[in-house]
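Colleague: Numbering (my numbering), first residue to last: 4 to 150.
For each residue, glycine too, the CB sits at the ideal point set by N, CA and C.
1) Between which two residues does the alpha helix (DSSP H) harbouring residue 28 extend?
2) CA-CA distance, residue 97 and residue 126?
3) Hey, how far is the Cα of residue 53 from the Cα of residue 82?
4) Under a Cβ-count criterion, where at least 16 other Cβ atoms within 10 Å of its own Cβ denotes burial, should residue 90 be classed as buried or exposed?
5) Please report how far the alpha carbon of residue 145 lies from the alpha carbon of residue 138, in whole angstroms.
6) For my contact list, residue 8 and residue 135 are in at a C-beta cut-off of 8 angstroms; report their separation, rounded to the angstrom.
7) Would you mind stating whether residue 100 and residue 27 have Cβ atoms separated by less than 8 angstroms?
And the structure:
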């Protein structure tokens, strides 16, 4: 008799769901990293621009150039605020997907544990059946010797 796990289809479905959750999580991580990298680049650019502007201010700068720099930095700050919100949203999505993945992992592990216990039970029953057959054979041999 060959071992057949009664929840095999459910387990394969849960495994597939876990793999899909893993893929979605990896995508969320990638998007978070992209948004965080873009935010970092913008912050670095703002820092360079501000240091460049303060350097020019110490040497003397026309009012129109100061206004132009301030307007550019103001626009850059708006972009930075937008990307900060994007990073927060991406982090929240990534954390949510991570929790979903953990739930799927736990579910699959439960079914694997059930399968292991079921298989051990199957082996025990097989061993008992084998012992019964061996006992029957021993009894028949003993009886045939006695005649």
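Modeller: Here's the rundown:
1) Here residue 28 refers to the residue found at position 25 when the chain shown is read from its first residue. 11-62 is the extent of the alpha helix (DSSP H) around residue 28.
2) For the purposes of this step, residue 97 is taken as the residue at position 94 of the chain shown. For the purposes of this step, residue 126 is taken as the residue at position 123 of the chain shown. In a straight line, the C-alpha of residue 97 is about 43 angstroms away from that of residue 126.
3) Position 50 of the chain shown, counting from 1, holds the residue named residue 53. Position 79 of the chain shown, counting from 1, holds the residue named residue 82. For residue 53 and residue 82, the distance between alpha carbons rounds to 16 angstroms.
4) As a working note, residue 90 is residue 87 in the chain shown. Residue 90 should be labelled buried.
5) Walking along the chain shown from the start, residue 145 turns up at place 142. Walking along the chain shown from the start, residue 138 turns up at place 135. The straight-line gap separating the alpha-carbon atoms of residue 145 and residue 138 is approximately 10 angstroms.
6) Indexing the chain shown from 1 puts residue 8 at position 5. Indexing the chain shown from 1 puts residue 135 at position 132. Wrong, their Cβ atoms sit about 24 angstroms apart, outside the cutoff.
7) One-based indexing of the chain shown puts residue 100 at position 97. One-based indexing of the chain shown puts residue 27 at position 24. Contact: yes.
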